[in-house]
Amino acid sequence: MQLLPLTDASPAIQAYVRTLRNQPDVRKYMYTSHEISEQEHANWLNSLKGNPRQQVFVVIKDEQAVGVVSLNAINFLHKSADWAFYLDVGLQGKGLGSVVEFWMLDYAFGVVGLEKLNCEVLAMNSAVVKMHQKFGFEIEGVRRQNIFRDGARIDVVLLGITKDEWQHKRPALAPVIERITAS
Numbered sequence: 083m084q085l086l087p088l089t090d091a092s093p094a095i096q097a098y099v100r101t102l103r104n105q106p107d108v109r110k111y112m113y114t115s116h117e118i119s120e121q122e123h124a125n126w127l128n129s130l131k132g133n134p135r136q137q138v139f140v141v142i143k144d145e146q147a148v149g150v151v152s153l154n155a156i157n158f159l160h161k162s163a164d165w166a167f168y169l170d171v172g173l174q175g176k177g178l179g180s181v182v183e184f185w186m187l188d189y190a191f192g193v194v195g196l197e198k199l200n201c202e203v204l205a206m207n208s209a210v211v212k213m214h215q216k217f218g219f220e221i222e223g224v225r226r227q228n229i230f231r232d233g234a235r236i237d238v239v240l241l242g243i244t245k246d247e248w249q250h251k252r253p254a255l256a257p258v259i260e261r262i263t264a265s
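Okay, so the sequence shown: first residue is 83 according to this note's numbering, each after it adds one.
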């Protein structure tokens with residue numbers, strides 16, 4: 083697995099990221115579930131250039147783009163940020179999400195120098211909430227009925243982890259990640 087800044091990726095990879103994002107089983111867990119148009123995708127890609135508050139990486143496996151992971155709302159004063167990711171639906175549940183999460187935690191707390199990392203997950207995506215908790219994230223709250231989609235109000239689970247919590251949790255998870263990446 084390789085992570086490449088999306089702004090450095092080839093135009094073909096950048097275009098394919100839109101295909102990944104538009105998969106129905108990816109869209110259903112996003113804040114906005116509509117199909118992303120070419121123009122909307124191009125506008126988003128342009129917004130990333132020179133934006134110090136956002137870093138987006140494309141996940142490459144076997145020379146193919148298979149997902150996206152991002153740091154958002156990076157606040158260098160408070161050393162905090164939000165993060166999110168999505169993977170090709172064909173690769174979900176096979177350990178790749180755990181590898182990406184491990185990488186992001188190391189990257190955020192090591193390379194970027196953050197002290198706090200946050201994320202938001204639609205409550206109906208309980209598998210991802212549980213995965214984040216496995217990595218040491220704590221549920222910090224729920225924004226009740228925060229999203230309106232398909233005629234219903236949806237809760238959003240707020241999770242967070244500190245650098246100290248990650249440093250405590252990381253040693254137990256490293257061998258698991260090594261086994262996943264070796265297979």
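Idealized CB from N, CA, C, for every residue including glycine.
Residue-level contact to chain D via CB, Pro87, 8 Å cutoff
This model lacks chain D altogether, as it is built from one protein chain only.
Just tell me which of Ala94, Glu260 and Val108 has its CA closest to the CA of Leu173.
Among Ala94, Glu260 and Val108, the Cα nearest to that of Leu173 belongs to Val108.
Check the DSSP bridge columns for Asn133 and list the partner residues they point to.
As DSSP reads the structure, Asn133 sits in no beta bridge.
Can you name the start and end residues of the beta strand (DSSP E) that Ile156 belongs to?
For Ile156, the enclosing beta strand (DSSP E) begins and ends at Gln146 to Asn157.
Taking DSSP as the reference, what is the three-state secondary structure of Leu199?
In this structure, Leu199 counts as strand in the three-state DSSP scheme.
Count the other CB atoms within 10 Å of the CB of Ala147; is the residue buried (16 or more) or exposed (fewer)?
Counting Cβ neighbours within 10 Å, Ala147 comes out buried, since at least 16 surround it.
Top-ranked residue by Cα proximity to Ala166, from His250, Leu241, Thr89 and Asp246:
Closest in alpha carbon position to Ala166, among His250, Leu241, Thr89 and Asp246, is Leu241.
What first and last residue would you give for the alpha helix (DSSP H) that runs through Ser180?
Counting along the chain, the alpha helix (DSSP H) containing Ser180 begins and ends at Leu178 to Asp188.
Measure from the alpha carbon of Asn228 to the alpha carbon of each residue in Ile221, Phe219 and Val239, then state which is nearest.
For the residues Ile221, Phe219 and Val239, the minimum Cα distance to Asn228 belongs to Val239.
When you compare each of Asn104, Asn133 and Asn128 to Glu117 by their alpha carbons, which one comes out closest?
It is Asn104 whose Cα lies nearest to the Cα of Glu117.
Span separating the alpha-carbon of Tyr91 from that of Arg100:
Checking the sequence shown, residue 91 turns out to be Ala, not Tyr. Distance from the CA of Ala91 to the CA of Arg100, rounded to the nearest whole angstrom, comes to 13 Å.
Give the range of the alpha helix (DSSP H) segment to which Tyr168 is assigned.
Counting along the chain, no alpha helix (DSSP H) covers Tyr168; the unbroken beta strand (DSSP E) around it starts and ends at Ser162 to Leu169.
Which two residues bound the contiguous alpha helix (DSSP H) that contains Leu102?
Run containing Leu102: Pro93 to Arg103, per the alpha helix (DSSP H) assignment.
Chain-order list of residues whose beta-carbon lies under 7 Å from that of Tyr113 (same chain, five-residue window excluded):
Result list for Tyr113: Ile229, in chain order.
Nearest-angstrom Cβ-Cβ length linking Gln121 and Leu130, presumed shorter than 8 Å:
Between Leu130 and Gln121 the Cβ distance is about 15 Å, and since that is not below 8 Å, they are no contact.
Per DSSP, what kind of secondary structure is Gly223 in: helix, strand or coil?
If DSSP states are grouped into helix, strand and coil, Gly223 belongs with the strands.
Starting from Ala234, trace the beta strand (DSSP E) both ways and give me its first and last residue.
From DSSP, the beta strand (DSSP E) with Ala234 extends over Ala234 to Thr244.
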